[in-house]
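J.: Residue numbers (the working numbering): 2 to 235.
Glycine residues also receive a C-beta, built at the ideal position from the N, C-alpha and C atoms.
1. Which term fits residue 181, buried or exposed, when burial requires 16 or more other beta carbons within 10 angstroms of its beta carbon?
2. What does DSSP give as the partner residues of residue 128 in its beta bridges?
3. With burial defined as no fewer than 16 other Cβ atoms inside 10 Å of the residue's Cβ, what is the status of residue 166: buried or exposed?
4. In the structure shown, what three-state DSSP assignment does residue 105 receive?
5. Within the continuous beta strand (DSSP E) that includes residue 163, where are the two ends?
6. Fully enclosed by the region 159 to 225, which alpha helix (DSSP H) runs are 4 residues long or longer?
7. Find out if the Cβ-Cβ distance for the pair residue 204, residue 173 is shorter than 9 Å.
8. DSSP state of residue 117, grouped into three classes?
9. Would you be able to state if there are at least three C-beta pairs under 8 Å between the region 96 to 104 and the region 124 to 135?
10. Taking contact to mean 3 or more Cβ pairs, one atom from each stretch, closer than 8 Å, check whether the region 208 to 224 and the region 62 to 70 are in contact.
11. Applying the criterion that 16 or more other CB atoms from any shown protein chain within 10 Å of the CB defines a buried residue, is residue 224 buried or exposed?
12. Buried or exposed: residue 222, going by 16 or more other Cβ atoms within 10 Å of its Cβ?
13. For a quick check, are the C-beta atoms of residue 96 and residue 164 less than 9 Å apart?
14. Is there a Cβ of chain C sitting closer than 9 Å to that of residue 100, yes or no?
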């Protein structure tokens, strides 16, 4: 796949076609007219879910979807994401108009666990992005003294993955960024702060985080837990 290839509209089992540049009516201020958007798959006008986020504006998106996991036994219930926050089905995640946030040239970074990598790529495609590459977070224990020992279907999980997709031809700003983050686990589902530095080093903004839990200067944030992990000022 060359850098000159265009990104075709995605057609997959979700049945969504949310190509980023089928534009909804907008006001002169850049906000959707009456805070709505048009879904290409249905042709219907829907309510804009992303609050004050600006449509068709962001050069890089960071997404941490609330994936739903199935447990094989009751022992895993306490560590299941549903015990910590509201999860969504794959269809509901794919139906979000994330494509309408993307600038003509945009990169998306999406967190996913190993068992859900195929579904994560499908969701990325449903949003109009083409998978390009990925990075891994090698999880250390909370003290950093050893590797994490999470749940898993085959392996005990000590890694999580950050896949990257693009629409258009966003320019890579640095060719020296490694695809590895080594950092301790913290609160459930909280990602390393270095994720932001990685995104900022690779691609130009504006920047937006979807399903955010931490507000970061220079980023727009959206999610029902936005600000949950903000550091308390001393």
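T.: Taking the geometry as given:
1. Counting Cβ neighbours within 10 Å, residue 181 comes out exposed, since fewer than 16 surround it.
2. Paired residue(s): none; residue 128 is not in a bridge.
3. buried
4. strand
5. 160 to 168
6. 195 to 203
7. Going by C-beta atoms, residue 204 is nearer than 9 Å to residue 173.
8. helix
9. Touching, per the Cβ criterion.
10. yes
11. buried
12. buried
13. no
14. Protein chain content of the structure displayed is limited to a single chain, and chain C is not contained in it.
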